[in-house]
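A.B. asks:
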Ligand SMILES: [Ca+2]
Ligand SMILES: [Ca+2]
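In structure tokens:
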């Protein structure tokens with residue numbers, strides 16, 4: 084079963100070639116929509132020992148213990164335009180938490196990984212929701228509260244960031260994002276993935292790796308990719 088999924092994932096990722104273009108993390112006209120955040124995480128110029136980086140990540144995980152705290156944290160860090168470059172998609176990458184935490188900035192998928200790390204010790208499943216237009220995607224952290232769905236998200240567009248848990252279905256939540264896309268575009272396909280399942284498929288632990296997770300991100304295709312009604 085696992086092997087079949089892996090083959091299918093490889094075919095699909097190659098065939099569709101999505102996620103090299105990270106849309107929900109941005110738009111075709113970012114200059115008009117940039118938002119300025121005040122970073123709270125100091126960027127380090129000098130390389131630090133890896134053990135210290137792990138300490139920093141775990142220290143944040145210890146103090147970020149709720150949805151609201153995670154949302155506030157994402158508002159305090161900058162958007163990573165460099166790793167989500169709409170003009171040069173081949174240069175894009177997705178840093179794992181141990182790397183992005185040092186940058187003080189994150190794009191949508193990097194933010195999902197960070198939030199999943201921060202809230203894991205608070206009982207939240209590491210759920211990634213990836214949604215797609217025809218050629219672009221957006222990643223958000225999915226959570227459920229009192230039976231309703233909400234999200235924790237980072238984007239270059241404020242309208243594509245976090246949502247309160249007020250949606251009765253995942254598709255209603257996705258619609259709340261589509262409503263803010265330009266030119267009548269819609270997110271018409273999506274998949275919900277547990278990051279641990281993706282780790283198993285890729286053989287990479289998203290928590291501990293220092294590798295670029297851009298290809299890992301594409302694995303999200305395999306999990307229940309479906310059409311929005
Ligand atoms: Ca925590
Ligand atoms: Ca990055």
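Numbering (the working numbering), first residue to last: 84 to 312. Beta carbons are placed, not taken as given, at the ideal position from N, Cα and C, and that holds for glycine.
1) How many angstroms separate the CA atom of residue 142 from the CA atom of residue 174?
2) Return helix, strand or coil for residue 162, following the three-state DSSP convention.
3) Is it the case that the Cβ atoms of residue 189 and residue 163 are separated by a distance below 8 Å?
4) If I measure Cβ to Cβ from residue 194 and keep anything under 6 Å in the same chain, skipping five residues before and after, which residues do I get?
5) Looking at residue 204 and ligand 1, is the gap between the Cβ and the nearest heavy atom below 7 Å?
6) Flag residue 149 as yes when its Cβ comes closer than 7 Å to any non-hydrogen atom of ligand 2, and as no otherwise.
7) Buried or exposed: which applies to residue 144, given that a residue is buried once 16 or more other Cβ atoms fall within 10 Å of its Cβ?
8) Is it the case that the CB of residue 271 approaches a heavy atom of ligand 3 more closely than 7 Å?
9) If you reduce the DSSP assignment to three classes, tell me which class residue 300 lands in.
10) Bridge partners for residue 277 per DSSP, in chain order?
11) With the cut-off set at 8 Å, would you say residue 191 and residue 223 are in Cβ contact?
12) Taking only three categories from DSSP, how would you classify residue 220?
13) Would residue 265 be called buried (16 or more neighbouring beta carbons within 10 Å of its own) or exposed?
14) How about residue 295 and residue 209: do their beta carbons lie closer than 8 Å?
15) In whole angstroms, what is the alpha-carbon distance linking residue 253 and residue 232?
16) Excluding sequence positions up to five away, which residues of its chain have a Cβ less than 6 Å from the Cβ of residue 120?
17) Of the residues 206, 240 and 218, which one's Cα is nearest the Cα of residue 228?
18) With DSSP as the reference, label residue 107 as helix, strand or coil.
C.D. replies: This is what the structure gives:
1) What you label residue 142 is simply residue 59 of the chain shown in a count that begins at 1. What you label residue 174 is simply residue 91 of the chain shown in a count that begins at 1. In a straight line, the C-alpha of residue 142 is about 31 Å away from that of residue 174.
2) For the purposes of this step, residue 162 is taken as the residue at position 79 of the chain shown. Correct three-state label for residue 162: strand.
3) In the chain shown, residue 189 corresponds to position 106, counting from 1. In the chain shown, residue 163 corresponds to position 80, counting from 1. Taking 8 Å as the Cβ cut-off, residue 189 and residue 163 qualify as a contacting pair.
4) If you number the chain shown from 1, residue 194 lands on position 111. 157 and 237.
5) Along the chain shown, one-based indexing puts residue 204 at 121. It does: the Cβ of residue 204 is within 7 Å (strictly closer) of some heavy atom of ligand 1.
6) Counted from its first residue, the chain shown places residue 149 at position 66. No; taking the cut-off as 7 Å, the Cβ of residue 149 has no heavy atom of ligand 2 nearer than that.
7) Numbered from its first residue, the chain shown carries residue 144 at position 61. Buried: at least 16 other Cβ atoms inside 10 Å.
8) The model on display carries ligand 1 and ligand 2 but not ligand 3.
9) The residue you call residue 300 lines up with position 217 of the chain shown. Helix at residue 300.
10) As a first step, residue 277 must be located in the chain shown, where it is residue number 194. 210.
11) The count along the chain shown starts at 1 and reaches residue 191 at position 108. The count along the chain shown starts at 1 and reaches residue 223 at position 140. Taking 8 Å as the Cβ cut-off, residue 191 and residue 223 qualify as a contacting pair.
12) Here residue 220 refers to the residue found at position 137 when the chain shown is read from its first residue. Residue state, collapsed to three classes: strand.
13) Indexing the chain shown from 1 puts residue 265 at position 182. So residue 265 counts as exposed.
14) In the chain shown, the residue the question calls residue 295 occupies position 212. In the chain shown, the residue the question calls residue 209 occupies position 126. Cβ atoms of residue 295 and residue 209: not closer than 8 Å.
15) On the chain shown, residue 253 is found 170 positions in, with the first residue counted as 1. On the chain shown, residue 232 is found 149 positions in, with the first residue counted as 1. Cα to Cα, the separation comes out at about 6 Å.
16) Start at 1 with the first residue of the chain shown, and residue 120 comes out as number 37. Residue confidence is low: residue 120 scores 34 on pLDDT, short of 50, so the model does not pin down where it sits. No coordinate-derived value is stated.
17) As a working note, residue 228 is residue 145 in the chain shown. It is 206.
18) If you number the chain shown from 1, residue 107 lands on position 24. Note that residue 107 has pLDDT 49, beneath the 50 cutoff, so the model's placement of it is unreliable and the number below is only indicative. Looking at residue 107 - three-state DSSP - the assignment turns out to be coil, as it is neither helix nor strand.
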